[in-house]
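**Student:** Here it is, the structure in full.
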């Protein structure tokens, strides 16, 4: 009788520990964090972070495009670790019509294209980062967010 009780208690502990591990993984390991050329990003739910629709990587440059499988929007992230002075990048972007803006604590430049996508360019750890997002992102069917809100979620 004692062995049965001990066995039941041990099995209960194992089941509880297993469920706890799975629950913690589900909450904290959502799988939406991505690293592109050493820079970390967090994509909102719905983006297939395991299967980018485009992956162009070499020693100094990486470009990854992730697609939201539910609504079809894409996020295009490019990171270039060619060392260029900030002033050269800033002057070139201003000449091309980019406007200065701080998003998620990053001083950078943005511009909307004819397809109603917004590109935000900034420097992170000496690397040039470019993120292209839709001007308006349909997060949950009818819960829209503007590009700056989406970029706030993505930039870490």
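In the numbering used here, the protein residues as written are 1402 to 1557. Note that CB positions come from ideal geometry on N, CA and C, so glycine has one too. Here the structure is a predicted model, which is why all the values come from computation and not from measurement.
1. Grab the span of the alpha helix (DSSP H) containing residue 1496 for me, first residue to last.
2. Helix, strand or coil for residue 1452, going by three-state DSSP, please let me know.
3. Within this structure, are the beta carbons of residue 1377 and residue 1534 separated by less than 8 Å?
4. Use the C-beta contact count for residue 1545: other C-beta atoms within 10 angstroms, 16 or more gives buried, fewer gives exposed.
5. Consider the Cβ of residue 1450: report whether some Cβ of chain C lies at a distance smaller than 8 Å.
6. Below 8 Å on the Cβ atoms is my contact criterion, and I expect residue 1443 with residue 1555 to pass it. Report the Cβ-Cβ distance as a whole number of Å.
7. When DSSP labels each residue in this structure, what does residue 1549 get in the three-state scheme?
8. Classify residue 1551: buried if its beta carbon has 16 or more other beta carbons within 10 angstroms, exposed otherwise.
9. If you count every other CB in all the chains shown that lies within 10 Å of the CB of residue 1429, and 16 or more means buried, which is it?
10. Terminal residues of the continuous beta strand (DSSP E) containing residue 1518?
**Tutor:** Per the coordinate set shown:
1. In the chain shown, the residue the question calls residue 1496 occupies position 95. Where residue 1496 is concerned, the enclosing alpha helix (DSSP H) stretches over 1487 to 1496.
2. Taking the first residue of the chain shown as 1, we reach residue 1452 at position 51. Residue 1452: coil per DSSP, three-state reduction.
3. Since the first and last residues shown for the chain are 1402 and 1557, residue 1377 lies out of range.
4. As a working mapping, residue 1545 is identified with position 144 in the chain shown. Under the 10 Å beta carbon count, residue 1545 is surrounded by fewer than 16 other beta carbons and is classified as exposed.
5. This model lacks chain C altogether, as it is built from one protein chain only.
6. On the chain shown, position 42 is the one that residue 1443 refers to. On the chain shown, position 154 is the one that residue 1555 refers to. Residue 1555 and residue 1443 do touch by the CB rule: their CB atoms are close to 6 Å apart, below 8 Å.
7. Numbered from 1 along the chain shown, position 148 holds the residue referred to as residue 1549. Residue 1549 falls in the helix class under three-state DSSP.
8. The residue you call residue 1551 lines up with position 150 of the chain shown. Burial call: buried.
9. What you label residue 1429 is simply residue 28 of the chain shown in a count that begins at 1. Note that residue 1429 scores a pLDDT of 40, beneath 50, so its modelled location is shaky; the value from the coordinates is reported in the next line. So residue 1429 ends up on the exposed side.
10. Counting from one through the chain shown, the residue named residue 1518 turns up at place 117. From DSSP, the beta strand (DSSP E) with residue 1518 extends over 1518 to 1525.
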